[in-house]
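Data first, discussion second: the structure below is written as structure tokens.
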Amino acid sequence: MKSEIDIEEENKDIVRRYKALLRSCNSEITREDKKLIRKAFNLSVDAHKNVRRKSGEPYIFHPIAVAQIVAKDIGLDATSIACALLHDVVEDSEYTLNDIEKAFNPKIRKIINGLTKISGFSEQDISSQAENFRKMLLTISDDVRVILIKLADRLHNMQTLDSMPRLKQQKIGSETLYIYAPLAHRLGLYSIKTELEDLGLKYTEPEMYKDIARQLNETKKARIQYIQRFTKPLKKSLKEHNLNFSIKGRPKSIFSIRKKMKNQGITFDQVYDKFAIRIILNSELNNEKPDCWETYSVITDHFRPNPDRLRDWISTPKANGYESLHTTVMGPGGKWVEVQIRTERMDEIAEKGYAAHWKYKQTGKYKEGNLEDWINQIRELLKDPESNAIDFLEEFKLNLFSKEIFVFTPNGDLRTLPKGSSALDFAFDIHSQLGANCLGCKVNGKIIPLSHKLKSGDQVEVISSEKQKPKKSWLNFVVTAKAKNKIKSSLKDEKKMIANDGKEILQRKLKHIKLPFNDQIITELINYFKYKTSLDLFYDVGIGVLNNTMIKEFAKNRNSWYLFLKNKIYKRPSTKNDDHDNTKYNTLVFGANQEKLNYSFSKCCSPIPGDDVFGFTTIREGIKVHRRDCPNAIRLQSNFAYRILESTWIDNTSKKSDVVLHIKGIDRVGLVNEVTQILSNNLKVNIKSININSSDGTFDGMITILVTDKQYLKKVIDSIKKVDGITSVRRKFKSG
Ligand code: MN
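For the sequence shown, the working numbering gives the first residue as 516, with consecutive numbering after it.
Printed below as a string of structure tokens:
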């Protein structure tokens, strides 16, 4: 049986909470301020009387808690505290905005109006989400207190989310991660941001959250021991330097550990920086910088720093006011340890954002800034360009999610996409089948082309048809990996089907002109029409690009072409080029067949003849030639391997000649294979024939290869000589 609620006890509790609120107000608070807060409290108590939260608590607990966050964690003024107390009054009771204005003043009315407008972010019907967010942002320019109180409201709602149904927890949790935590971050409210993130994770990925929390707990003892081992020598040295300090070893937030695991694809155990050491110095204002660097110097006397991970936000503080010196050093046991060095003043600013600025202004220790200044700064930061909400949102997004945009489904669900995503990316993001069948999209009610680039705040509706299939041209404007892969694999399937048809067509056509359908003819066709694979060949036949006339032409030329090749093969090597110089090697040929193609040199690395180079097929400018050591080479080669063309410098005055090499050596398993590997893979030499005889553990072989010049031949010979077991390599002059 539930026990009866003790109203008297509850009222005492309300008063206790109210007094705690007053205690957490700024010490400079005036009697007028106190009167204002008292009045707001009384009105709020009356408005919410007899109302309870889902948890069963009196409703008034909530506005008091929000006001407490506003006062203590954010450090706002009495007006803000009063507004926090009143923030749900108009929304949830008989009181109107006019009543508020009558009881207080127009300014408070305006703030409450803003808060009422954006409240019920998730309670309202679907599809109002986008509109609501827009409203919220527009309100910022009115009075930024609205946003700050809203953040406090959200934090308390997150702290008490347990009593909500699962579905709501999920929804409110993801909103918090998408909108409120980044907002708190931008405003420099670090502890609020961290708490919002952890709570957001707790309700969006409860299993993951619990798992990390459990593991953090299990490793706590070892971590504390390690921190002690790390800090012991530091404490001693810092004391010797007469530095006044305290050292904290703080575990990183569950959210940030989760982020690391996700981004780097690692397990909990592999996250090396699960905690950070923080050294907080008690310094005079004008000694802050030297003290911090002296501390840095002491640390690096004991532990080797990682030069890539030094961050100096003391010389240049972050835009939101964050100041600190970060370094990562190699601690005992070969573990990287992050150390944050800062003064007490910096630490408070880092944790509380403005609240600390305010405090230091009051004590005269910190001169710059006051509440109004700061609010103006944020207003600047989140500047509203007149009336265009979308532009404003774009601007806002730039600050918050520099690489992401967030758009809405017709139902008002939020989707995050990389910047530059098109409407088609959105369709694929929702479902791959929806993407594949995507016929068109509506953005904010207007029909737009599939290639349309989306902006934050867009509401996107996909129009689909089962008859629609992915097109090759789609690849030109999708940016997400999911869309690209789905389109490619669908095209590949399509290509295979067409190629199968093409193969049958080709078979009939060849039969018609009395040519057999066999590997040799297929290879000849591939070479003649310059295809890369038989699939490409069959596909072009399938779609009719390679037609009857062309195949007949091939058949006609086939004989003379074949003879031409034969001629080339049996031509005697030129022996006059013995003393030729490198400058003749000024022409590039591409691919294993050493085709002559048009090309130009890239500007980024300006290759010269003789450089080790490769060709890169560009969309607009044909083949661009880069040096192998070009700064862009690795990126191009790894991302666009299929567009890379092997290239070779040739002497354009000489033609390729075949050379017979006589190779002798001691036979062993895999030797022949190794030689041919070196020739065809490493040196890209065309091997015409190989003839090897082995007996009594020795082997004797002839290899016929195609080379352009003597220098290259020398390189080939030298490489073969290096193979284990080879005793001699000689060029053999054929007699005929
Ligand atoms: Mn509320």
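Virtual Cβ for every residue (Gly too), placed ideally from N, Cα, C. All values reported here derive from a predicted model rather than from experimental measurement.
Looking only at C-alpha atoms, which of the options sits nearest to residue i?
i	options	result
F770	E722, N801 and R793	E722
T1223	T1242, I1178, S1234 and W1164	W1164
A865	P847, M845, S839 and K850	S839
I1205	K1225, D1233, D1173 and N1197	D1173
E1256	A696, L702 and L704	A question about residue 1256 goes unanswered here, because the residues of the chain that appear run from 516 up to 1251.
A562	E547, E523, V581 and D614	D614
L969	S936, A998 and K961	S936
F992	K747, N959, I762 and L939	L939
E1161	K1047, G1130, G1017 and L1030	G1130
I1181	Y1227, V1231 and I1241	I1241
L666	L676, I584 and E981	I584
P766	K934, E1039 and I792	I792
L932	N926, S539 and A998	A998
R1183	T995, S1209 and N1201	S1209
S706	I589, P820, V786 and V530	I589
F818	F790, F619 and G848	G848
P1146	P1122, G1137 and E799	P1122
Y718	R729, Q743, T691 and N732	T691
K789	T734, L753, I795 and D823	T734
E981	P820, C953 and M1065	C953
L929	K867, K564 and D973	D973
S678	E572, V1200 and G764	E572
V1238	K750, G955, Q983 and I1178	I1178
Output the boundary residues of the alpha helix (DSSP H) element that contains residue i.
i	result
T815	E803 to H817
S539	Note, S539: premise wrong, no alpha helix (DSSP H); not H, not E.
Y718	Y705 to T719
Q743	K735 to E755
V605	V604 to D607
L1103	It is not in any alpha helix (DSSP H) - L1103 instead sits in the beta strand (DSSP E) that spans T1102 to F1105.
I596	A593 to L601
Say the cut is 8 Å; is the CB of residue i nearer than that to a heavy atom of the ligand MN?
i	result
V566	no
H671	yes
From which residue to which residue does the beta strand (DSSP E) around residue i run?
i	result
M1217	T1213 to V1222
M679	Segment: none, M679 is in no beta strand (DSSP E) and carries neither H nor E.
A791	F790 to L796
T842	L840 to G846
F783	Unbroken run through F783: none, as it is neither H nor E.
L932	L929 to P933
R1142	I1138 to R1142
F1116	Y1114 to F1116
For a test of the three-state rule: what should DSSP assign to residue i, helix, strand or coil?
i	result
P766	strand
R1245	strand
F1044	coil
L954	strand
K1083	Reliability fails at K1083, whose pLDDT of 41 lies under 50, so the model's placement of it is uncertain and the value that follows must be treated cautiously. Residue state, collapsed to three classes: helix.
N565	coil
H1027	helix
I1149	helix
P822	helix
I1178	strand
T831	coil
N759	coil
V1128	strand
T924	coil
I1165	strand
Q855	strand
V994	coil
P697	helix
E1068	helix
E524	helix
Q974	strand
T1133	coil
K1007	helix
D1239	coil
Tell me, please, whether the CB atom of residue i is closer than 9 Å to any CB atom in chain D?
i	result
E525	Going by chain labels, chain D is absent from the structure shown, which holds only one protein chain.
When every heavy atom of the ligand HEM is checked, does at least one fall within less than 8 Å of the C-beta of residue i?
i	result
M1065	No copy of the ligand HEM appears in this structure; the ligands present are the ligand MN.
For the ligand MN, residues whose Cβ lies under 5 Å from any non-hydrogen atom: By the rule of a C-beta closer than 5 Å to any heavy atom of the ligand MN, the residues picked out are D603 and D668.
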